[in-house]
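Counting the sequence shown from 1 gives a position; this note's numbering is that position plus 80.
Down below is the structure, laid out as structure tokens.
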Amino acid sequence: MFESGEVQAPYPQYRCPVDGEDLPLTEARITVTCERHRPHEEPPVFTVREATSADRKAIELICDRVWGETDIDCFGKAFDVLAGENLVAEVGGELAGIVSLAIDRGEQAIVMLSVYPEHQGAGIGGALVREAIARTERAGLPFVKVATTNDDIPAFYFYQRLGFVVYEVDCGTVVDHHGEVLSGFAGIPIRDEIRLRRSAC
81 MFESGEVQAP
91 YPQYRCPVDG
101 EDLPLTEARI
111 TVTCERHRPH
121 EEPPVFTVRE
131 ATSADRKAIE
141 LICDRVWGET
151 DIDCFGKAFD
161 VLAGENLVAE
171 VGGELAGIVS
181 LAIDRGEQAI
191 VMLSVYPEHQ
201 GAGIGGALVR
211 EAIARTERAG
221 LPFVKVATTN
231 DDIPAFYFYQ
241 RLGFVVYEVD
251 CGTVVDHHGE
261 VLSGFAGIPI
271 RDEIRLRRSA
281 C
């Protein structure tokens with residue numbers, strides 16, 4: 081965990097596909113390309129499994145580096161990632177990504193999804209979400225839902241491609257929570273929470 085008052089450099093959340101540079105949220109940009117100009121590297125072999133107590137430190141680290149805490153605010157409440165149902169993806173025995181789940185109002189909520197920049201684009205995020213959907217169906221819950229912010233264009237794209245649709249927008253909630261307008265993806269001001277969901281079937 082970070083010490084109180086410690087100033088952290090922006091954690092890189094994306095990787096440039098052209099030169100491989102890791103980018104913090106505000107410096108990332110969207111580029112539209114055709115399929116033949118997308119990087120086509122051989123994806124790494126990865127596994128998805130339930131997190132165990134031995135993963136606690138790694139989970140704390142990925143939360144700290146992205147959010148600075150393990151409590152995630154979404155859907156009008158705070159969720160403790162360490163108390164949730166967590167699935168992790170591993171590459172070569174090392175943590176590559178995590179999805180944290182919780183039941184909220186009779187639906188499965190994706191509280192957090194994070195994949196380290198060096199493993200993005202390899203299908204890890206999609207595999208974690210598909211496993212979350214499968215668990216939702218096995219639990220007999222009707223929907224799996226996720227919340228993102230208005231600036232997070234990559235997440236908005238990602239979830240819609242997996243069948244999620246917008247069902248609600250909580251306007252101004254991020255500003256209310258932080259007491260100011262923060263700068264998000266590509267410098268877009270973060271103001272609103274966009275909520276998406278899809279059927280578990």
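Backbone N, C-alpha and C define an ideal beta-carbon position, used for all residues, glycine too.
inquiry  = With three or more C-beta pairs closer than 8 Å as the rule, is the segment 253 to 261 touching the segment 208 to 219?
reply    = no
request  = Kindly confirm or deny that the segment 157 to 175 and the segment 119 to 135 touch, where touching means at least three C-beta pairs closer than 8 Å.
outcome  = yes
query = At what residues does the alpha helix (DSSP H) containing P92 begin and finish?
reply = No alpha helix (DSSP H) holds P92; the beta strand (DSSP E) holding it covers 92 to 95.
inquiry  = Within the continuous alpha helix (DSSP H) that includes E140, where are the two ends?
reply    = 136 to 146
ask   = Which of helix, strand or coil does DSSP assign to E273?
value = strand
ask   = Just checking, does the segment 258 to 278 make contact with the segment 131 to 142 on the three C-beta pairs under 8 Å criterion?
value = no
6 Å CB neighbourhood of V98 in its chain, flanking five on each side removed = none
inquiry  = According to DSSP, is E260 part of a helix, a strand, or is it coil?
reply    = coil
query = Could you give the C-beta distance for I204 and A176, rounded to a whole number, given that I count them as a contact under 8 Å?
reply = 6 Å
key: DSSP state of G177 mapped onto helix, strand, coil   = strand
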